[in-house]
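In terms of this note's numbering, the sequence shown has 1214 at position 63, counting the first letter as 1, and numbering is strictly consecutive.
Where a beta carbon is used, it is the ideal one built from N, C-alpha and C, also for glycine.
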Amino acid sequence: MEAGALLTKLMERTGLQERHIQMLRRLEPLMAPMATEIALAFYDYLGRDDEMRAILWDSPGRVERLYQSFADWYRGLFCGLYDDEYAEKRARIGLVHAAIGVKPSFIVPAFGIVQELSLEHLRNTLRSPEIFSAVEAFEKIMAIEAAIMQDSYMQAMEYGYRLGVAADQEKALVAGARAMLGKAN
């Protein structure tokens, strides 16, 4: 399924409506400054795992580039414009992760860090009537993000198997993602 069509389906499934989009847009000035702090916590968490640490520090400057990419991704959560371009960028992020060997079992738990720190910030800075709608909107966009990421991983693995590159799940994932990224460029 094309990323834009998937995004539309996910918006329906999660119930992300215009009021949620408007809330996310209103949260941008409050949440965007948190991007760097959350990026540091995200990669600190991932770096505690030996396998993930080896991937993160595999090439010089990778972690530094990832911090910036993550901060851009995080700020994008609150852009308020969730269209085909947004979906394509998000799907590409999943493919890039897969291409360097980052498995969903690393990313999905790390999303918990993003959610935990973001929700704590919302609780500490918003007042009672706004908190529920802010949390609701944030959780919906995070569910969409996780689903797009998971879908890109599944597409990459399926493509890797079709290429006959590998019978091993992890190798098929990496090969499929690299091939898909190569086709896109």
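Cβ neighbours of residue i in the same chain (closer than 6 Å, five flanking residues each side left out)
i, result
"residue 1249", "1304, 1307, 1324, 1328"
"residue 1277", "1285"
"residue 1167", "1291"
Where residue i falls, given that 16 or more other Cβ within 10 Å makes a residue buried
i, result
"residue 1224", "buried"
"residue 1191", "exposed"
"residue 1193", "buried"
"residue 1334", "exposed"
"residue 1216", "exposed"
"residue 1152", "exposed"
"residue 1156", "exposed"
"residue 1169", "exposed"
"residue 1213", "exposed"
"residue 1263", "exposed"
"residue 1388", "Nothing can be reported for residue 1388, as the shown portion of the chain is limited to 1152 through 1336."
"residue 1321", "exposed"
Separation of residue j from residue i, as counted between CA atoms
i, j, result
"residue 1313", "residue 1178", "42 Å"
"residue 1275", "residue 1268", "11 Å"
"residue 1204", "residue 1235", "33 Å"
"residue 1196", "residue 1186", "15 Å"
"residue 1279", "residue 1318", "53 Å"
"residue 1243", "residue 1282", "32 Å"
"residue 1294", "residue 1315", "32 Å"
"residue 1298", "residue 1211", "30 Å"
"residue 1198", "residue 1164", "33 Å"
"residue 1245", "residue 1255", "9 Å"
"residue 1181", "residue 1201", "34 Å"
"residue 1310", "residue 1266", "31 Å"
Reduced DSSP category for residue i - H, G, I as helix; E, B as strand; rest coil
i, result
"residue 1221", "helix"
"residue 1195", "helix"
"residue 1152", "coil"
"residue 1229", "coil"
"residue 1210", "coil"
"residue 1315", "coil"
"residue 1173", "helix"
"residue 1246", "helix"
"residue 1167", "coil"
"residue 1277", "coil"
"residue 1254", "coil"
"residue 1235", "helix"
"residue 1201", "helix"
Residues near residue i in its chain [Cβ-Cβ closer than 8 Å; skip 5 each side]
i, result
"residue 1231", "1172, 1173, 1175, 1176, 1179"
"residue 1209", "1251"
"residue 1253", "1203, 1206"
"residue 1240", "1227"
Residues near residue i by beta carbon distance below 7 Å, same chain, minus five either side
i, result
"residue 1222", "1186, 1187, 1190"
"residue 1229", "1175, 1176, 1178, 1179, 1182, 1183"
Cβ-heavy atom distance, residue i to the ligand ZN, below 8 Å
i, result
"residue 1258", "The ligand ZN is not part of the structure shown, which contains no ligands of any sort."
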